[in-house]
Structure formats: C-alpha cells, structure tokens
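Visitor: Residue numbers (our numbering), protein chains in the order written: chain A, 42 to 279; chain B, 42 to 279; chain C, 42 to 279; chain D, 42 to 279.
1) In the segment 153-175 of chain A, which residues sit with their C-beta less than 9 Å from some C-beta in chain D, listed in chain order?
2) Count the C-beta pairs between the segment 194-214 of chain B and the segment 174-181 of chain B that are closer than 8 Å, then say yes if the count reaches three, no if not.
3) Using the Cα positions of residue 170(D) and residue 188(D), report the straight-line distance between them to the nearest angstrom.
4) Have a look at the DSSP bridge pairing and note the partners of residue 89(C).
5) Kindly give me the distance between the Cβ atoms of residue 212(C) and residue 218(A), rounded to whole angstroms, as I take these residues to be in contact under 8 Å.
6) Taking only the alpha-carbon atoms, compute the straight-line gap between residue 192(A) and residue 241(A) and give it to the nearest angstrom.
7) Residue 151(B) and residue 214(B): beta carbons closer than 8 Å?
8) For residue 190(B), which residues in the same chain have their Cβ closer than 7 Å to its Cβ, ignoring the five residues on either side in sequence?
9) Do we get a CB-CB distance below 8 Å when we pair residue 247(C) with the residues of chain B?
10) Which residues mark the beginning and the end of the alpha helix (DSSP H) in which residue 194(C) is found?
11) Is the beta carbon of residue 280(B) less than 8 Å from the beta carbon of residue 90(B)?
12) Once you ignore the five residues that flank residue 255(C) on each side, which residues in its own chain have a CB closer than 7 Å to its CB?
13) Among 85(D), 179(D), 247(D), which has the Cα closest to the Cα of residue 229(A)?
14) So for residue 245(D), helix, strand or coil by DSSP?
15) Whose C-beta lies closer than 7 Å to the C-beta of residue 263(D) among residues of the same chain, with five residues either side of it excluded?
16) Buried or exposed for residue 87(B), going by 16 or more other Cβ atoms inside 10 Å?
17) Short of 8 Å in beta carbon distance, which residues of its chain neighbour residue 59(C), apart from the five on each side in sequence? Order them along the chain.
18) For chain F, find out if any of its Cβ atoms is closer than 8 Å to the Cβ of residue 212(A); answer yes or no.
19) How far does the beta strand (DSSP E) with residue 199(B) in it extend, from its first residue to its last?
20) Taking DSSP's pairing of strands, which residues face residue 84(C) in a bridge?
21) Please report whether the beta-carbon of residue 125(D) lies at a distance below 8 Å from any beta-carbon of chain C.
22) Are the segment 68-77 of chain C and the segment 90-104 of chain C in contact at 8 Å, needing three or more beta carbon pairs?
23) Determine, using beta carbons only, whether residue 75(C) comes closer than 8 Å to chain A.
24) Tell me which residues of the segment 260-279 of chain D have at least one Cβ-Cβ distance to chain C shorter than 9 Å, keeping chain order.
25) Keeping to the same chain, check which residues put their C-beta closer than 7 Å to that of residue 143(A); ignore five residues upstream and five downstream.
26) Strictly under 8 Å for the Cβ-Cβ distance: is residue 78(B) near chain C by that measure?
27) Can you name the residues of chain C whose CB is closer than 8 Å to the CB of residue 177(B)?
28) Return helix, strand or coil for residue 208(D), following the three-state DSSP convention.
29) Taking only the alpha-carbon atoms, compute the straight-line gap between residue 231(D) and residue 184(D) and give it to the nearest angstrom.
30) Suppose contacts are defined by Cβ-Cβ distances below 8 Å. Is residue 250(B) in contact with residue 83(B) by that definition?
31) Can you give me the C-alpha to C-alpha distance between residue 274(C) and residue 165(D), rounded to a whole angstrom?
32) Are there 16 or more other CB atoms within 10 angstroms of the CB of residue 163(B), so buried, or fewer, so exposed?
33) For residue 272(A), does the count of other Cβ atoms within 10 angstroms reach 16, so buried, or fall short, so exposed?
34) For residue 118(C), which beta-bridge partners are listed by DSSP?
35) Using a Cβ cut-off of 8 Å (strictly closer), state whether residue 133(A) contacts chain B.
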C-alpha cells in the first residue's frame, strides 16, 4: 500500500500577526501537524489561505486523500469557488478532518447544512476529553480520557446534525459539555470534526491530540467503492 | 391545542403547461394535498413559485409550523434569498416535508449538504413501498407495504446523508430499490423526505400516500424546546 | 384521544428499609412519579417487586402503553419469565422509560444486548444536564440545561449501543460526562433511558426531571403501525 | 502488522445430511469461506457445532480477532454458556460477521436484543444487492449492485435495531426488499450482518459475496482502544 496523501490546510494568519501565537507555532499550526503525520509515514503537503487558490488547486485536491482544515479569523476570505471545489471533492470521496475553530468554516458549514454555531469562552480552563465509543478506530491508543490543561471552552448546543458516530465528549471546568469527536459520511467522503486545538495553547504538540488527528486521517481515507451513476436509466434491468 | 399550521408549496408549472397533468390535478398538486390535510383538521395555506416572494414571505413562514415542498422543473428559479429564508426557518424549528422530485430543490440540497442525486426511469412501472420501521409515528395506520400501480422509478444510490431514521424502502418492478421515507433533524427542525408522487400519476389521491404525508406533518411539528444561545459566555457557571 | 396508560414500576425496597429514603419518598419513588403524571391527565397504575408477578401480570402489561422502570438493589430478584414478558411487550410496541439505576435491570440489559455498565460515585456532587438536541420532543419546555444540586455521579464509558437519538448529556462537578438521555427503537417499542434520579436525593420532585419523564412517556407512546408478519411467505407478490 | 486471526464457525449439519448441500459444499460452507480468506493473507481456523465446546474454547476465542457465524437448523443446540462466552468476547472487542440464516442464532439475537425475525421464501428467485453507502469500507471493490441468480428471499420487516450504518439493500424478484448489510457497534466489538448465502446455492463461491465477507472481516477487526473501567470511582478527578 502506498503512503496516504494528506494536505494540511491552515488559514495561517494568527501566526504572522500575533506574537504569542508565533511563539507557540513558529512555522504555523500546519507544520506542527504535518511533522507529526510525516513521522507516521504519511505523505504530507501543506496549503494556506494566502497562496494562490488558497493552495487548493484542482491538482492538489486530486492528489489529496485526506484534507485537514484549520481556520479561525478569516473564514469569509475563503473564496466560494474554492469552497465548492473542496466540498465536491469530499462528496467524491476525499476525507476531511476539521479542527477546532474550523467548525465555522464555509466548507464545514456547507457540508453540514446547519449553522455549526456553539458557545465559547476563553479563560484557559481545564478540559477533559472522554472517549464514549472505545471500540472506534479513532480511539486507538487512547486512554479513557485525556486532559488539556488550558483550553478555550466550546459548549453545547453545537448546531450540527447528530453525528453518525459520536466518539468523544468534552467536559469543561467551567460547567459545559461538548460533542468533541464527531464522524460523518457525506457523499463518498468521510468527515471528522475534532474540537481541541487553539492558536494560543500548545495543544497541537500534545500526544493524545496528535494521535486523534492521525487516527482520524486513517479512518477518513478514501474507499475504492462503486462508481456511482446518477440520472436516467431508461431500461428496466434484466 | 390549536390546529397545526401547514403551508403546501408547489412549483405549479406542470399543471398549467401540460394537459395530462392538468387533467389529474386540475387545481394543482398543492390543492390535492391541502384538501386532505384540511379534512384532518389542519389549518392549511398554499403558496406557489409564481407568487411574489414565491408566496413565502417572512410572515407566511412565521405562521407555518410545517412546510410541504413540491418542485420539479423550475428548481433553479427559486430565488436564493427565499431559499435562505426557508432554510433558516427550518433550522429555527419549522418542520419540512419534501415530496418526490423536491429531492432536487435548492432548499433540500442546502439542508442536506450533498447532491441529493439519484437514478430515475419513467415507464410507469409498479412500486411497492415497504415499512421497515413499523413502530415509527410516520407508519401509523399503514399496512406492511403499499403498492403504487404506476410510478416513476427512483433508484439508489440516493446521495443524501444516512437518515436519522429510515422508515420506508421502495421496491421497483424494474429492479431497483430506494430509501423512500427518510427522517432528519437539522437545527431545531425536523425534515421528512418522501419519495412517491409524480405529476403524471394520481399518486396524491392514494390514501396510503396521503396518510404518510399527514403523519409526517404531525411528526415534524415544532417542539417548544430550549431557547438556544450561541457565542461568547464569558463567565464559568456557578 | 383517550388518556395514555402508564404503569410506574418500582423495586420499592430502599423506601422500606432505609429511613433516609423513606423520609424523602414516604410513599415510594413510584408514587412521586405517578402523582406528577396523573396531574398531567395520564391514567397511572403502579407496580412493585414484592407484589405477585411483581405486579406485572399479562393483563397489566396489556393495559400499559408506557412502562416506567426504577430498580436498584434487587435487580437479580426480578424473575426471568417476568423479564421476558416485559421485553416481549416492548418489542410488541409498549414504551419503556428506564430511570437512573434501572440501567442495571435485567429488562434494560436484555433489550440493549450489552452490559449497560458505567462508572459511579456517591458524594452528592453537582450535575448539569445539557440538552444537545433542542428540537426533540423530550426537550419540550426545558431550558438549555438544568442543574441538580446533589447527585450520584454516573460517568462514561456507558456500555450501551449508541442511542438512535442522544438528547441529554450530563456534566459532573467531579470531572465526568454522561449520555443522560438516550432514545432507542427496539421492535415496535420505544425506549428512553434517563439518568437522573436517586433514592437519597429529592430528584423526582424537581420540575425539570419530572418534565423529562412526562415528555418521555408521551414520546414513547405506542403507534398503531403495521401488523407485522414473520415467517414463510410462499408465493411471490403479484 | 501480523495477520488477522479469523475463526469461521459453521453449524455443519446440512452438509453431512443433505446430498444436495454436500455436492455444493463438500468440505462445508466454512471451508469455502476459509479458503477465500486464506488466499487474502488472513490466518484462519474453523470450528463447528459438533466439536467439543462447539470448537469455541476460551483459548480459540482469545486467539480470534473476528468470528464468522453460519448456522441454520440447529440454533437451539448451541449451548447457552458458549453463547455467553461468544457474546462477552464480542463486547470485549472481537469482531463478528453473521451470515444469512445466522440471523436466528442465539448469539446474534442476544447481541441485538430483538427477535431478528424476518419473512422468507425459497423458490430460487433473483436477488439484487444494492450498495446504498458506497463510501463505506465494506463496499470496497464492489459495483453499484451485484446479482445473485438464485436466492432464498428474506423480506422486511427485519426485526433488528436500526443499524449504525446500512451498507446494502436487497431487491427480490418476488416483490420484497431487505436491509442486507448492517453494521453495529456493541461494546467494543463490531458486528456485520450479511444476508446472502444459503446451503443449497453456490453463493459462497460468488466473488462479490466473498469480497463483502473479507471486507467485513477487515472492517470488524478489533481496535486497541482504551481499557475501560466500570464501577465505583470514589474520588473526584483533580
């Protein structure tokens, strides 16, 4: 089996404009994630908002088995035709792993069909991420829960369709809960939304978080299923 | 309990341009459905594509508990801002029942996040609609299956998200199957997709079909659930 | 529509042997619940472990639209043939609402097919029950969450099949989360598992808890769906 | 990665008592399946009803990653303590693939919690198995559908819990439909029910059928997820 092809997409703005973010992720969040995946034998590209076509040309997407998406402050700057291209590629079978504030991205909202809104609070409180489906491949290698010492809180109601499979649920010190690991099949593509991760916390260096990301990438890898034909089939079958 | 408020939306073009359709539905498909619902004590309005704002003003939608949608040849003529208004109202709690060729409507596709494509064939073959979830409220009053003597075939792959609940599966004489009764929760609204129904067959006079429609309307009625708040909640809970 | 028929089943041992329980529920937990349901116009019976056939004769079950189940210390004393009778009646369409420690009952475990085990801790900590599916009928009349000042903790992993619909998720002060409101369809019957409720806390007097119980009872009411036939159907259909 | 360990369990009675079955499966259905899996690099054992402990000792089950189950006429002869052992091993993470008439086995019925009843007819009619979830790993390598020239019909209502994922739906010439490929997570184990296969038809030599079986085996392989702890956790987390 040849290596899995993953493109890590990052808005890559915070890192360039906020010193505290640059200190944590000097090469960008995408490189922190890419480095981990490469260490696991995965073939990784990166792409960022300010590249031409946001780095997501038809060629790049055709190469990509699984796309990882991180965005936050500039969701609106992602051009609609690139969004449509990504969405179509997911429906055609590419996997998609959406991280943290990517819940508000055009790509994720379009694929979900809902607002994807949630509650949030940024006081650096403690988070515990509980595995509620321990037999799921995305839980491979995890303990019953893992803790994130300082996290931005995301709280329910998370306005998404009920996930096909709910793998992770977060507890926050301040009193909220959140469906933090959500699996979806859309078209022929598989989507995983993963809550943890913030630009001002070193969450993407935490082994459990990275483990979930690489598990999700493997889970979301495309399947060589049937070539689907739509439209008129004029004759009854024999 | 006051009467349920239902708006039956119909594209209402076939009936005006095709004699064979006009013969079957002289007052439009919407009136055939409306008449049945009124007989069940439901308060019904109708709205059609060629009315101002397609008959779906903010006022009409605010009044509406459940919207029924039938469209076919003119999906593209439905204006995007009206589509957005309908989608938002569903996410806010209004029920939606999408009939037959409404699978291709902008409203349904936007709420599903997928192409909603399928196979089709129009030779007037026999269809059997099987109840696979007999304990579901939408199956109330039905037998194990019902037959439609002459139907347009819709066949899998039906490119929708897996339904939250699959209630009905169709068998077609020509060799295909189809997930014909699909329940979805999106935001605070409930959506039912129901396959049968075509402009050139008297399907919307068939008692079982009408029964499913009225069952679906009752199932999709809004719930007075929590007022959901999104956004920043700066303080931890006490 | 005639009144819904509900039987509230209670083990009814704690109340007779523990003074602190008797003080909170002098007539038994079943009467606290029954009183609330009766006030809502529901026709209610009660039944307890130490009655002949545990109060669950064929006649009682035939009368019952929805059965509420509370048990804790004496799950093993429930006789297997009564368990089979209850399970069969659920598969035939009777609703079932399982409360709190009823997760360990033979009836619930048999219907789920799994151990239904969980973590627990009894230090009277705070619980917050969050509504994650605000458009579901069981959330009718609730706020975004409700708090229980002193609760026995139940924590994940809760070894049940993933619910058809997850309505409620609990947060506990001590650091755990729990899927607290779980909907299942089994056979033609509908089942709701509801976590809150303990014999040494006055939880079954709390309005939000009682509201969930009565919402669940209405949601789980039987549907007059198809009469299902199993076995040999020797001839192809015409 | 070391080879996957699969045990193919077969009742193995028909083959010994019915000449027409022996002719098709001279070494038993289990050997037809085992041969295919071995050719794919899987490490395979077989076990049959008439062996001591039905060939399913604790040692065999501990070795087994995925168990395949075929039974038909002698479900009742499978001893309850062996059934309990198999069920426990599934809940602990072993995969289970249940074939055709295995729907009526004690193991499957216990894990499902329902009757698992269905309609059937044996006139050798045509079956078409449609892929409704083409992006699922169990659909790998298939076309949009495959045909079985002569099959025993199984028809809805199939009294199982709604599958977590529905992958295949069958069409039968005689007029019925059936949910033929159903995925379930139970405890830490994954279960796939697959309809095709009969003792008097050479279905287990058909490439598409064998492909589904080997795909299902790989999909159901155990995950090294969290070690789950149940019971009292006396102290709040820090």
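From the three backbone atoms N, C-alpha and C, an ideal C-beta is built for every residue, glycine too. Just so it is clear, the structure is predicted and the values come from calculations on it, not from any experiment.
Guide: On the basis of the coordinates in this document:
1) 169, 172, 174, 175
2) yes
3) Straight across, the Cα-Cα distance linking residue 170(D) with residue 188(D) is about 6 Å.
4) 51(C)
5) 5 Å
6) 9 Å
7) no
8) 167
9) Interface criterion not met: the Cβ of residue 247(C) is under 8 Å from no Cβ in chain B.
10) It is not in any alpha helix (DSSP H) - residue 194(C) instead sits in the beta strand (DSSP E) that spans 186-196.
11) Nothing in the structure corresponds to residue 280(B), since chain B is present only between 42 and 279.
12) These residues qualify, in order along the chain: 77, 78, 81.
13) For residue 229(A), the nearest C-alpha among the options comes from 179(D).
14) helix
15) Same-chain partners within the cutoff: 106, 134, 135, 136.
16) buried
17) Within the same chain, residue 59(C) has close Cβ partners 240, 241.
18) Any reference to chain F falls outside this structure, whose protein chains are A, B, C and D.
19) From DSSP, residue 199(B) is part of no beta strand (DSSP E); its letter is neither H nor E.
20) Answer is 46(C), bridged to residue 84(C).
21) Residue 125(D) does not count as touching chain C.
22) no
23) no
24) 267, 269, 270, 271, 272, 273, 274, 275, 276, 277, 278, 279
25) 110, 111, 112, 149
26) no
27) What residue 177(B) touches in chain C: 226, 264, 266.
28) strand
29) 24 Å
30) In this structure, residue 250(B) lies away from residue 83(B), with their beta-carbon atoms at least 8 Å apart.
31) 13 Å
32) Per the 10 Å Cβ criterion, exposed.
33) It counts as exposed.
34) None, per the DSSP bridge assignment.
35) no
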